[in-house]
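K.L.:
Sequence lines, in order, name chains A and B.
First residue of the first sequence: 1, per our numbering; consecutive thereafter.
First residue of the second sequence: 1001, per our numbering; consecutive thereafter.
Beta carbons are placed, not taken as given, at the ideal position from N, Cα and C, and that holds for glycine.
All values derive from a computational prediction rather than experimental measurement.
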Amino acid sequence: MTMNYTSAVELKGVAKWYSKILAVDNIDLNIKPGEIFGLLGPNGSGKSTTLKMLLGLVQPDGGSVNVLGIDVQKDAVAVKRQVGYVPEAPRLYEFLTGTEYLDFIGDIYGVKAEEKRERVNEYLKALELEGREGDMISGYSEGMKQKVALISAFLHRPRLLILDEPLSGLDPRSARIVKDLLHELKAQGVTTIMSTHVLEIAQALCDRIAIMYKGRLLALGTMDELRQRASMPESGLEDIFLKLTGTGDIRAVVEELLK
Amino acid sequence: MNWKNVAHLIKVDRKSGRLIRGRRLTRFRESRLLQYLLYGGALALGLAVGAIAGFIYSGVLGVADSQLMVLFHQGLLDLFLSLPTIVLIYSIVFTMMQQIQRSGVKFSVQAPYWLPITWEEHTLASTIANLLGFPLASIVFIGSAIIVVSIFVGEVVYAVSTLFALLATAFIASAITEIFRILQVRFVGAVYKSTGRAAVWVRFVGSLLFFLVFYIVYFFITSGPGAVTFVQTVASAQSAVWFIPFVWLGMTLYSLINGLYAQALVFMTLSLLLISSLFYAAVMLNRRFGLYEPPAITVSRGVYAPRTGFLGKLGFSTVEAALIRKDLKAFTRRRELMYIFIMPIVFMIIPLMQTLGATGGPQPTEAIPPFFFGFFFLLPGSIMATILGSMMIGEEGGAVWRIYSAPISPKSLVKGKYFFIVFFSALVTAVTGIVWVAVFHPSLRATLVALATSLLLVFALGAISLANGITGADFTELPRPRMIRTAWNLINLVVCGVCAIVIVAPLVPAVFTLITPVSLLPAIDLYQALVISAVIASVITFVGYRIALKNARELLTKAET
């Protein structure tokens, strides 16, 4: 597939209101093709709304959203066709078996039968779902369901991956496979936008990180740039995050709880 | 037993039933109005029925015929005696139907999993919560009616005793349901294990048989001549089968009414023992199997190999065919959706039971009023289209994000869902139609017109209800899938009802012409009337489909779960 876009994702002055609450406040964001991008922020900071706007699932009240060179508001289906999406705690069709679910996904994304067979069997083997693929998903553990959700995001070879807590519930081996896979896909030009609260994962995986707070983009850059911004040259992402979001002073809170 | 815990658990259960969703699907609001309407309505209706019956007794029968007054009095006492047993069966059927329609989705949110709550508290709360809502409203209705009528008849003491017996009966029914629910989970688990790959079909057939039996019992004891026969049978037969625990409450009343106070005390004590035993049996079973997780159902084995379906040959895109296949699996595998397969069977069996019971066997067309035949023929497909259309989007539940985030156009979504509605409803029409033809031997003309009208209704009502089902979709899954918001369900029923009347209206004069040569309505040929109906149905179908497309577009761009 030829790429005729310079930004995988481009948000310009994007805003979203829910009644009187400003969920996303005038955000500008540019994510390059092949980048692994971390979108972090406390609960209710506007991350999920931003991710949903990328898929055309939520209409912005202001600004423009361009994904893979396509105006999402004009052709959301064309965007969705090239995106693999895993929401936080994804609900699957529990009455289908693992393979039936992936077969359904393959058909929805237009994957050819032979290709579908090959990829489904490969992924099932890699993520150790072999032997359980014929069971109804209702009998799967949360980790197994997460694996199926991840396979369904990778299955159609998307150009952009939007992953909300992708490693949640995965065993160490599978988590490592997914991380390595994301790196390999990056080399192939696939862009990944990841939202997570596990800051160690974000620090280890992401090329650039954005921190959202109260709907605004508080900070954006590589780990070094974030360290500079927070004036914390030796610190890890957790300390930087807590300082930038103004939630760093937690000692008093803990002491209060222990009373 | 911590009563506060019990009260809190009941409150949580009822609150989840009262929560309704507005236009914004992420927001809930609590509607107490529906609860007040339910109990208030039941009370008002009961008082009205009681007052009317009382007025008939004293105002009409008292003046006209004292013999009838005696019969009325005796009939009322018979009713008092049989009510506990009738309500017991009714409550068991109703609460079990509610249980079976509970979501199959597993969530480890049940309080006993992680809160310091005993199994006694959990079981008691669950038992009481089961009987709140319609079962309790039914008792409010019956209780208020019998108390008012007993004022006229002078049997207030027996009426109040009956009311207490009814409350005890409802508790027994609820405790039995609780026991059944736990055993069913354990039993189903054993079935899954032993039947292997056939488990999915064993479950499907088993659930259908279960639904069928309960629907038939339910309709038999709540409608038509069956209900009267049942009251008479129970009233006269329960003293002969006094050893069956479920008639002990009725026997308490029987003994009380006949002045056998010592016997009444014995049966009352036995009833209390029965209630305690059932409750503790439920507690014991909950303790033993309450946290039991049934094993996974294995549907297939071996390396995955995709198959090409025949839907593509019918002109459906891969996306549409995938949606249709997925929905077919949903309706055959999700226990809470399976009841849809039972409805057509119920549509046939109940009228058949009543019609054949009344007429003594199959009748030629001349003996069957055309309206009667038409009604039977048109009803199943129309109801199926109305119900299926309203639930086709909401049944996606929490997994609807998959539809939102996948490259599914509004056109594909509506086409896939609409095909499923029309196909299934038309199938129902065909199957029920064959049965009606076999039973009633109607003329070819009557059969063709009824079949064509039924299909027209399926197309039109399917489109309209799909449009309403998209706008009113409710993706709530716990404690049972809602699928459509209450307000939109009512709107849909009204709109579909009006549309059905408009479509059928041109046929009415023609049918009248067939029945009687002298009619006030203008004479019209049946086939001409059918053409007019077809034109109206086509317009409604077109408009409904267009609205469904517009609503689907909106749904997919305002995706909020």
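Taking Cβ positions only, does tyrosine 1404 of chain B come closer than 8 angstroms to chain A?
P.N.:
Numbered from its first residue, the second sequence carries residue 1404 of chain B at position 404. Judged by the 8 angstroms Cβ criterion, tyrosine 1404 of chain B is in contact with chain A.
K.L.:
How should threonine 1432 of chain B be labelled, buried or exposed, when 16 other C-beta atoms within 10 angstroms of its C-beta is the threshold for buried?
P.N.:
Position 432 of the second sequence, counted from the start, is the residue given in the question as residue 1432 of chain B. Looking at its Cβ environment, which holds 16 or more other Cβ atoms inside 10 Å, threonine 1432 of chain B is buried.
K.L.:
By Cβ distance below 8 angstroms, which residues in the same chain neighbour leucine 1455 of chain B in space, the five residues on each side in sequence not counted?
P.N.:
Numbered from 1 along the second sequence, position 455 holds the residue referred to as residue 1455 of chain B. Correct list, in chain order: Gly1381, Ala1426 and Thr1429.
K.L.:
Name the chain A residues whose beta carbon is nearer than 8 angstroms to that of valine 1319 of chain B?
P.N.:
As a working note, residue 1319 of chain B is residue 319 in the second sequence. In chain order: Asp107, Ile108 and Gly110.
K.L.:
Let's test the definition: count the other Cβ atoms within 10 Å of the Cβ of threonine 1127 of chain B and tell me whether it reaches 16, buried, or not, exposed.
P.N.:
Along the second sequence, one-based indexing puts residue 1127 of chain B at 127. So threonine 1127 of chain B counts as buried.
K.L.:
By the criterion of Cβ-Cβ separation under 9 angstroms, what are the contact partners of leucine 1401 of chain B in chain A?
P.N.:
For the purposes of this step, residue 1401 of chain B is identified with residue 401 of the second sequence, where counting begins at 1. The sequence given here has tryptophan at residue 1401 of chain B, not leucine. The contacting residues are Leu57, Tyr85, Pro87, Pro90 and Arg91.
K.L.:
Here's the rule: buried if 16 or more other CB atoms are within 10 angstroms of the residue's CB, otherwise exposed. What is serine 45 of chain A?
P.N.:
Taking the first sequence and counting its residues from 1, one reaches residue 45 of chain A at position 45. Serine 45 of chain A is buried by the Cβ-count criterion.
K.L.:
Alanine 23 of chain A versus chain B: which residues are under 7 angstroms apart at the beta carbon?
P.N.:
Here the question's residue 23 of chain A lines up with position 23 in the first sequence. Neighbours of alanine 23 of chain A on chain B: none; closest Cβ ~11 angstroms, over 7 angstroms.
K.L.:
From A/Pro158, A/Asp25, A/Val24 and A/Leu129, pick the residue whose C-alpha is nearest to that of alanine 8 of chain A; which is it?
P.N.:
For this step, residue 8 of chain A is matched to residue 8 along the first sequence. Checking every option, the nearest Cα to that of alanine 8 of chain A belongs to A/Pro158.
K.L.:
Bridge partners for lysine 261 of chain A per DSSP, in chain order?
P.N.:
Since the displayed chain A opens at 1 and closes at 259, residue 261 of chain A lies outside it and no answer follows.
K.L.:
Note down, in chain order, each residue of its chain lying with its Cβ closer than 8 angstroms to the Cβ of isoleucine 108 of chain A, except the 5 sequence neighbours on either side.
P.N.:
What you label residue 108 of chain A is simply residue 108 of the first sequence in a count that begins at 1. So the list is empty, once near-sequence residues are dropped.
K.L.:
Which residues, taken in chain order from the segment 1297-1313 of chain B, show a beta carbon closer than 8 angstroms to some beta carbon of chain A?
P.N.:
Hits within the stretch, in order: Ile1297, Thr1298, Val1299, Ser1300, Arg1301, Gly1302, Val1303, Tyr1304, Ala1305, Pro1306 and Thr1308.
K.L.:
How about leucine 218 of chain A and leucine 244 of chain A: do their beta carbons lie closer than 8 angstroms?
P.N.:
Here residue 218 of chain A refers to the residue found at position 218 of the first sequence. Here residue 244 of chain A refers to the residue found at position 244 of the first sequence. Yes, they are a contact pair.
K.L.:
Based on the DSSP secondary-structure assignment, which residues constitute the bridge partners of methionine 1483 of chain B?
P.N.:
Residue 1483 of chain B sits at position 483 when you count from the first residue of the second sequence. Partner(s): B/Asp1474.
K.L.:
Nearest to serine 1538 of chain B by CA position, among B/Ile1524, B/Thr1453, B/Ile1434 and B/Ala1473, is which residue?
P.N.:
On the second sequence, residue 1538 of chain B is found 538 positions in, with the first residue counted as 1. Ranking B/Ile1524, B/Thr1453, B/Ile1434 and B/Ala1473 by Cα distance to serine 1538 of chain B puts B/Thr1453 first.
K.L.:
Please name the residue in A/Asp171, A/Asp61, A/Leu205 and A/Tyr5 whose C-alpha comes closest to that of leucine 19 of chain A.
P.N.:
Your numbering for residue 19 of chain A matches position 19 in the first sequence. Leucine is not the amino acid found at residue 19 of chain A; the sequence shown has serine there. Of the listed residues, the one whose Cα sits closest to serine 19 of chain A is A/Asp61.
K.L.:
Helix, strand or coil: which one does DSSP assign to asparagine 121 of chain A?
P.N.:
In the first sequence, residue 121 of chain A corresponds to position 121, counting from 1. Looking at asparagine 121 of chain A - three-state DSSP - the assignment turns out to be helix.
K.L.:
Using a Cβ-Cβ cut-off of less than 8 angstroms, give me the residues of the segment 1373-1404 of chain B that come near chain A, in sequence order.
P.N.:
Within the segment 1373-1404 of chain B, the qualifying residues are Gly1397, Gly1398, Ala1399, Trp1401, Arg1402 and Tyr1404.
K.L.:
At the level of alpha carbons, what is the spacing between valine 1299 of chain B and serine 1239 of chain B?
P.N.:
Start at 1 with the first residue of the second sequence, and residue 1299 of chain B comes out as number 299. Start at 1 with the first residue of the second sequence, and residue 1239 of chain B comes out as number 239. One C-alpha to the other measures close to 51 angstroms.
K.L.:
Return no unless some Cβ of chain A is closer than 8 angstroms to the Cβ of lysine 1550 of chain B.
P.N.:
Here residue 1550 of chain B is taken as the residue at index 550 of the second sequence, counted from 1. No, no contact with chain A.
K.L.:
Look up glycine 1360 of chain B in the DSSP assignment and say whether it is helix, strand or coil.
P.N.:
Along the second sequence, one-based indexing puts residue 1360 of chain B at 360. Below a pLDDT of 50, predicted positions are generally treated as unreliable, and glycine 1360 of chain B, at 49, falls in that range; no measurement from the model is reported.
K.L.:
Where does alanine 230 of chain A fall in DSSP's three states?
P.N.:
Translated into the one-based positions of the first sequence, residue 230 of chain A becomes position 230. In the structure shown, alanine 230 of chain A sits in a helix (DSSP, three-state: H, G or I).
K.L.:
Could you tell me if glutamate 98 of chain A is buried or exposed, where buried requires 16 or more neighbouring beta carbons within 10 angstroms of its beta carbon?
P.N.:
For the purposes of this step, residue 98 of chain A is identified with residue 98 of the first sequence, where counting begins at 1. Sequence inspection shows glycine at residue 98 of chain A; the glutamate mentioned does not correspond to that position. Looking at its Cβ environment, which holds 16 or more other Cβ atoms inside 10 Å, glycine 98 of chain A is buried.
K.L.:
Give a yes or no on whether 8 angstroms exceeds the smallest Cβ distance from alanine 1322 of chain B to chain A.
P.N.:
Counting from one through the second sequence, the residue named residue 1322 of chain B turns up at place 322. Answer yes: the Cβ-Cβ gap between alanine 1322 of chain B and chain A drops below 8 angstroms somewhere.
K.L.:
In chain order, which beta strand (DSSP E) runs of at least 3 residues are fully inside the segment 182-241 of chain A?
P.N.:
Runs of the beta strand (DSSP E) inside the segment 182-241 of chain A: 191-195, 208-213 and 216-221.
K.L.:
By the 10 Å Cβ neighbour count, where 16 or more other Cβ atoms means buried, how is glutamine 1528 of chain B classified, buried or exposed?
P.N.:
Your numbering for residue 1528 of chain B matches position 528 in the second sequence. Flag for glutamine 1528 of chain B reads exposed.
K.L.:
Looking only at its own chain, which residues have a Cβ that is under 8 angstroms from the Cβ of aspartate 959 of chain B, when we skip the five neighbours before and after it?
P.N.:
The structure shown has nothing for residue 959 of chain B, since chain B only spans 1001 to 1561.
K.L.:
Consult DSSP for alanine 153 of chain A and reduce its assignment to one of helix, strand or coil.
P.N.:
Along the first sequence, read from residue 1 onward, the residue named residue 153 of chain A stands at position 153. Note: alanine 153 of chain A maps to helix in three-state DSSP.
K.L.:
Under 8 angstroms between beta-carbons, which chain A residues line up against proline 1295 of chain B? List them in chain order, please.
P.N.:
Reading the second sequence from its first residue, position 295 is the one you call residue 1295 of chain B. The answer, in chain order, is Gly139.
K.L.:
Output needed for methionine 94 of chain A: all residues of its chain with C-beta closer than 6 angstroms, excluding positions within five of it in sequence on either side, in chain order.
P.N.:
Reading the first sequence from its first residue, position 94 is the one you call residue 94 of chain A. Note on residue identity: the sequence assigns glutamate, not methionine, to residue 94 of chain A. Ile137 and Ser138, listed in sequence order.
K.L.:
Please classify proline 1362 of chain B as buried or exposed, where buried requires at least 16 neighbouring CB atoms within 10 angstroms.
P.N.:
Your numbering for residue 1362 of chain B matches position 362 in the second sequence. In this prediction, proline 1362 of chain B scores a pLDDT of 49, lower than 50, which makes its location untrustworthy; the coordinate-derived value is nonetheless stated afterwards. Exposed: under 16 other Cβ atoms inside 10 Å.
K.L.:
Taking 8 angstroms as the CB-CB cut-off, is asparagine 121 of chain A touching chain B?
P.N.:
Sequence index remark: in the first sequence, residue 121 of chain A carries index 121 (1-based). Closer than 8 angstroms to some Cβ of chain B, the Cβ of asparagine 121 of chain A qualifies, so yes.
K.L.:
Whose C-beta lies closer than 8 angstroms to the C-beta of arginine 173 of chain A among residues of the same chain, with five residues either side of it excluded?
P.N.:
By one-based count along the first sequence, residue 173 of chain A stands at place 173. Hits under 8 angstroms: Glu128.
K.L.:
Would proline 51 of chain A and valine 72 of chain A be called neighbours here (beta carbons separated by less than 8 angstroms)?
P.N.:
Position 51 of the first sequence holds residue 51 of chain A. Position 72 of the first sequence holds residue 72 of chain A. Sequence check: residue 51 of chain A is leucine here, not proline. Result no, Cβ atoms of leucine 51 of chain A and valine 72 of chain A do not sit closer than 8 angstroms.
K.L.:
Does any heavy atom of the ligand NAP sit closer than 7 angstroms to the C-beta of serine 1058 of chain B?
P.N.:
By its list of ligands, the structure shown contains no ligand whatsoever, and the ligand NAP lies outside what it can speak to.
K.L.:
Just grab the DSSP bridge partners of phenylalanine 37 of chain A for me.
P.N.:
In the first sequence, counting from the first residue as 1, residue 37 of chain A sits at position 37. Per DSSP, A/Ile193 and A/Arg208.
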